[in-house]
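*Asks:*
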Amino acid sequence: MAWKSALIRPFANWSARRKRVASAHARERQEQWFTKLISKGRRTRFGTEHGFEQIRNHRDFCERVPVQDYEGIRPYIDLIKQGERDVLWPGRPRYFAKTSGTTSGVKYIPITTASIPNHIGSARNALFNYYALTGNGRFFDGKMIFLSGSPVLEDTGGIPTGRLSGIVNHLVPGWIRSNQMPSYDTNCIEDWETKVDRIVSETLGEDMRLISGIPPWVQMYYERLLEASGKSTVSEIFPNYQLFVHGGVNYKPYAQQLEELVGRDIDTLETYPASEGFIAYQDRWPSEGLRLNVDSGIFYEFIPQEEVGAESPRRLTLHEVETDQDYALVINSNAGLWGYNIGDLVRFVSLAPPRLIVSGRVKHFISAFGEHVIGKEVDDAMASTCNELGVQVAEFTVAPQIHPGDQGPPYHEWLVEFDTTPADLSLFAQRVNQAMVDQNIYYRDLIEGKILRPAHITPIRPGGFHAYLSAEGKLGGQNKVPRLMNTREVADGLQAFRLDPSHG
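Everything in the sequence shown is counted per this note's numbering, starting at 528 for the first residue and increasing by one.
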């Protein structure tokens, strides 16, 4: 064992024990954070306007603070941009995490000095927990690559502003910075194609042991590595490659292709970071579900999916949730977010300790006919079909086709970029459709009632999704195509990249 991993091991063991204890007392930790947050919030404009002085319990809080999205806090963000202090949280934010929203345009999510440990500490704790449980800490002794956004920050009302991953680049602790790749100059490159090529040239020949990023963009990095090196697998280039850290999208649809590109089994570590907070991370292997971060500056609320958008939805606390139910995730945090619906649907797979999966996006669903299809269902349908038929898929998205050109019944259109197009697309479509019927009773009823015809597959040419993102100006390590949408905005944009324009 090299010196760095040896020094880190006792800290990793201590961190893992501490987080296990916190999870075992999740209800108490959440109640403590609720009290802390309300106490701090009383000294803010938001707290004054919402009667925080009169809040004694969660019921009081729900009566005074509405569930809101970015539009609800935008007036307060505007005040912060104008230089006002003590608006959402005491003082002023340390950074703004800049992110795009589907309805709000650019969003500016505050990151405060108090909330920085949630982002940085949670990422560290995820790695420490992995080390403590597996005994595999050799990645600390080699190079690590984080495929992220540019660390170049702009100024917004005196507050440094950029993508969360770019901000995090400025906060990486010194003990890990010497292992970090790519170089700062390369990370600053805005054009993603140029950036990936530069990363490849910098990392070839290095002792890469950990790679972190969103799966489709890591796949691009792998493919460019193989092209540049002439090797057949990534493990030939990086023989000590040990751990792939991923988040942002469901890993299942990408798993087979990524594993084949690597050429051997390596461990994976799933995380659930967002600009609004680091929510959860994988804490056991193998497992389904990520352990909720119950003791890290966030008090969570959960709204049953069927009540999202209702005038007075139930706002459940952690001890009130059930397994196998979908909830909209609402956070209250030491970044100054109050009653904030971050837009994700989550589903608990265990309660003691609390572990969850991201089952979809509140606004990313298909229910054009009352089918209530969510992201987890289409991901699982695609994964099971690919496994059964031995097919590999680079990317896909799903949308309703309400007015087919042939005047027949509507259907769900699956736009799929195959690594190798199946010889029998109709069989592939049948298997996908059956997997959806097996999972979703509403979809099944619509198919059996002939309100919907079975799923329709539209093959997209190789590189089509990449070309679509490029055409939309959304090419980059943190951008991804929605897995499904209730509109045809993405599906129509992809029609120009169909493998066979006459198909369908």
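Note that the Cβ used here is the ideal one computed from N, Cα and C, for glycine as well.
1. Mind checking serine 550: buried by the 16 CB within 10 Å criterion, or exposed?
2. So, isoleucine 901 versus serine 877, is the Cβ gap smaller than 7 Å?
3. Alpha carbon to alpha carbon, what distance is there between tryptophan 941 and leucine 1011?
4. Out of Leu660, Gly689, Arg651, Thr721, state which residue places its alpha-carbon closest to the alpha-carbon of valine 699.
5. Check each candidate in Ala926, Lys1001, Lys531, Leu674 and name the one with the smallest Cα separation from threonine 1044.
6. Less than 7 Å separating the beta-carbons of arginine 842 and glutamate 828?
7. On the three-state DSSP scale, how would you describe asparagine 960?
8. Can you find the residues in the same chain that come closer than 7 Å, C-beta to C-beta, to isoleucine 793, ignoring five residues on each side of it along the sequence?
9. Quick check on DSSP: helix, strand or coil for leucine 973?
10. If I measure Cβ to Cβ from glutamate 834 and keep anything under 8 Å in the same chain, skipping five residues before and after, which residues do I get?
11. So proline 709 packs on isoleucine 726, CB below 8 Å; how close in whole Å?
12. What is the DSSP secondary structure of glutamate 1016, counted as helix, strand or coil?
13. Look up tyrosine 827 in the DSSP assignment and say whether it is helix, strand or coil.
14. If you draw a straight line from the alpha carbon of glycine 1031 to that of tyrosine 970, how long is it in whole angstroms?
15. Compute the Euclidean distance between the alpha carbons of glycine 917 and isoleucine 703, then round it to the nearest angstrom.
16. Just to confirm the assignment, what range does the beta strand (DSSP E) spanning alanine 855 have?
17. According to DSSP, simplified to helix, strand and coil, what is isoleucine 978?
18. Is the CB-CB distance between methionine 986 and leucine 1021 below 7 Å?
19. Work out the CA separation of proline 620 and phenylalanine 573 for me, nearest whole Å.
20. I'd like to know whether the C-beta atoms of proline 742 and tyrosine 781 end up nearer to each other than 7 Å.
21. First and last residue of the alpha helix (DSSP H) that includes histidine 585?
22. Can you find at least 3 beta carbon pairs, one from the region 916-934 and one from the region 945-965, that sit closer than 8 Å?
23. Might you give, ordered along the chain, the residues of its own chain that have their beta carbon closer than 8 Å to the beta carbon of threonine 629, omitting 5 neighbours on each side?
24. In whole angstroms, what separates the C-alpha of valine 548 from that of proline 637?
25. Look up proline 1028 in the DSSP assignment and say whether it is helix, strand or coil.
26. Relative to the C-alpha of serine 823, which residue among Leu606, Arg612, Ser649, Glu576 is closest?
27. Threonine 630 by DSSP, collapsed to three states: which one?
28. Quick check: the region 782-789 against the region 665-685, are there 3 or more CB pairs under 8 Å?
29. Is the region 850-866 touching the region 606-623, taking contact as three or more C-beta pairs under 8 Å?
30. Do you know offhand how far alanine 879's Cα is from glutamate 555's?
31. Give me the residue from His697, Phe892, Thr844 with the minimum Cα distance to glutamine 557.
32. How far does the beta strand (DSSP E) with aspartate 871 in it reach, from first residue to last?
33. Once you ignore the five residues that flank alanine 956 on each side, which residues in its own chain have a CB closer than 8 Å to its CB?
34. To the nearest angstrom, how far is the alpha carbon of glycine 474 from that of proline 593?
35. Pick out the complete alpha helix (DSSP H) segments inside the region 531-589, 4 residues or longer, and give them in chain order.
36. So the beta strand (DSSP E) lysine 1007 belongs to, where does it begin and stop?
*Replies:* Quick look at the numbers:
1. buried
2. no
3. 9 Å
4. Arg651
5. With the chain running from 528 to 1031 in the structure shown, residue 1044 is simply not present.
6. yes
7. helix
8. Taking isoleucine 793 as the centre and dropping the five residues before and after it, the same chain places the C-beta of Tyr768, Gln769, Leu770, Phe771 closer than 7 Å to its C-beta, in chain order.
9. Helix, per DSSP.
10. Pro840, Arg841.
11. 5 Å
12. Correct three-state label for glutamate 1016: helix.
13. strand
14. Residue confidence for glycine 1031 is low, a pLDDT of 40 falling below 50, so the modelled location carries little weight; the figure read from the coordinates is stated next. Just so you know, the alpha carbons of glycine 1031 and tyrosine 970 end up roughly 21 Å apart.
15. 40 Å
16. 853-860
17. coil
18. Looking at the sequence itself, residue 986 is proline, so the reference to methionine does not match. For proline 986 and leucine 1021, no; Cβs fall outside 7 Å.
19. 15 Å
20. yes
21. 585-591
22. Remark: three or more beta-carbon pairs, one from each stretch, lie closer than 8 Å, so the region 916-934 and the region 945-965 are flagged as touching.
23. Because threonine 629 carries a pLDDT of 45, less than 50, the predicted location of this residue cannot be relied on, and the following value inherits that uncertainty. So the qualifying residues of the chain are Lys890.
24. 29 Å
25. Residue placement at proline 1028 is poorly supported in this model, since its pLDDT is 46, which falls under 50; the coordinates are not used for a value here.
26. Ser649
27. In this prediction, threonine 630 scores a pLDDT of 47, lower than 50, which makes its location untrustworthy; no coordinate-derived value is stated.
28. no
29. yes
30. 13 Å
31. The residue with the shortest Cα to Cα distance from glutamine 557 is Thr844.
32. 867-878
33. Trp941, Pro981, Ala982, His983, Ile984
34. One cannot answer for residue 474 here, as it falls past the ends of the chain, which runs 528 to 1031.
35. 553-568, 572-576
36. Element bounds for lysine 1007: n/a, residue is neither H nor E.
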